[in-house]
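With UniProt numbering, letter number 21 in the sequence shown gets 21, and the count goes up by one each step, no holes.
Just so you know, even glycine gets a beta-carbon here, dropped at the ideal spot from N, CA and C.
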Amino acid sequence: MTTVLPPSLESPADTEHTFSRGGRALPLQVHEITGAPDHGHLLVFGHPTEHCLVRIHSRCLYGESLRSDDCDCGPELDKTLDLIQDAGAGIVVYLEQEGRGAGLLAKARGYRHSEQSGADTFTSYEALGYPADARDYTGAAESLHKLLADLGISAIQLLTNNPAKAAAVTRTGLAVTVVPLRTTALSERASDYLDAKRRHRRHWIPTDNAPWAPEHS
């Protein structure tokens with residue numbers, strides 16, 4: 001039986017520096033999550049206080065670096081940073097969970113299967129022997145809770161449409177207000193993916209035709 005160790009958080013003071021984006025600058029300090037199944041970092045912008053903005057975000061090479069139109073990952077991260085810069089502070093928990101935790105090769109295979117079969121990528125993953133979504137947010141939520149406790153923060157605004165993220169953070173004892181991330185689908189494929197996330201993972205997709213109604217707020 002494999003023993004899963006609790007996550008630990010490395011918070012070196014010498015990582016603080018100035019982060020500039022769109023002509024606006026904020027202090028940024030980087031903390032590292034170690035020991036959890038999903039490695040990641042906590043990016044602390046400015047000086048967060050009670051009810052600060054928080055985003056838990058999974059890595060997406062296609063959407064963030066290659067600027068693919070096929071998903072909403074890039075627009076979600078852009079919107080998050082816009083909101084944090086407007087607020088003057090906030091936290092991004094950035095997790096190395098490419099391809100919904102299955103990795104980039106699985107993601108590419110899932111896209112290929114989806115194109116050939118007409119199935120959505122959740123169904124394609126399972127047809128290929130992968131979990132539809134292998135991500136777990138427990139370690140990230142526990143690391144976030146530790147950091148916020150050190151800052152004297154007990155309540156946050158969580159930028160998400162994903163009920164699993166809200167549930168993981170709520171279980172730590174933090175008071176969570178869910179704030180929807182409203183983005184526009186860049187393509188028909190991206191719109192189909194949003195619909196698949198709603199059907200398979202019960203995501204709250206805020207649109208005029210489907211009012212946003214989270215269970216955790």
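{"Asked": "Of all Cβ atoms in chain B, is any one closer than 8 Å to the Cβ of Ala-106?", "Found": "The chain inventory of the structure shown lacks chain B, comprising one protein chain alone."}
{"Asked": "How many angstroms separate the CA atom of Glu-10 from the CA atom of Ala-175?", "Found": "24 Å"}
{"Asked": "Which of the three DSSP states, helix, strand or coil, is assigned to Cys-52?", "Found": "strand"}
{"Asked": "State the DSSP-derived secondary structure class of His-216, mapped to helix, strand or coil.", "Found": "Residue confidence for His-216 is low, a pLDDT of 41 falling below 50, so the modelled location carries little weight; the figure read from the coordinates is stated next. His-216: coil per DSSP, three-state reduction."}
{"Asked": "Taking contact to mean 3 or more Cβ pairs, one atom from each stretch, closer than 8 Å, check whether the segment 118 to 136 and the segment 75 to 82 are in contact.", "Found": "no"}
{"Asked": "Under a three-way DSSP split, which group does Ala-164 fall into?", "Found": "helix"}
{"Asked": "Can you tell me whether Asp-150 is buried or exposed, with buried defined as 16 or more other CB within 10 angstroms of its CB?", "Found": "exposed"}
{"Asked": "With DSSP run on the structure shown, which of helix, strand or coil describes Gln-97?", "Found": "coil"}
{"Asked": "Restricting to Cα atoms, I'd like to know which of Arg-199, Ala-141 and Ala-190 is closest to Asp-133.", "Found": "Arg-199"}
{"Asked": "So, using beta-carbon positions, are Thr-49 and Ser-8 closer together than 8 Å?", "Found": "no"}
{"Asked": "Beta-carbon within less than 8 Å of Ala-190's beta-carbon, same chain only, minus the 5 sequence neighbours each way: which residues are those?", "Found": "Asp-69, Asp-70, Cys-71 and Asp-72"}
{"Asked": "How big is the Cα-Cα spacing for Asp-86 and Ala-127?", "Found": "43 Å"}
{"Asked": "Since His-200 is in the alpha helix (DSSP H), which residue starts that stretch and which ends it?", "Found": "188 to 201"}
{"Asked": "Less than 8 Å separating the beta-carbons of Arg-59 and Glu-96?", "Found": "yes"}
{"Asked": "When you compare only the Cα positions, how much space is there between Val-92 and Gly-129?", "Found": "31 Å"}
{"Asked": "When you compare each of Asn-161, Asn-162, Thr-172 and Thr-160 to Ile-153 by their alpha carbons, which one comes out closest?", "Found": "Thr-172"}
{"Asked": "Helix, strand or coil: which one does DSSP assign to Leu-61?", "Found": "helix"}
{"Asked": "Applying the criterion that 16 or more other CB atoms from any shown protein chain within 10 Å of the CB defines a buried residue, is Ser-114 buried or exposed?", "Found": "buried"}
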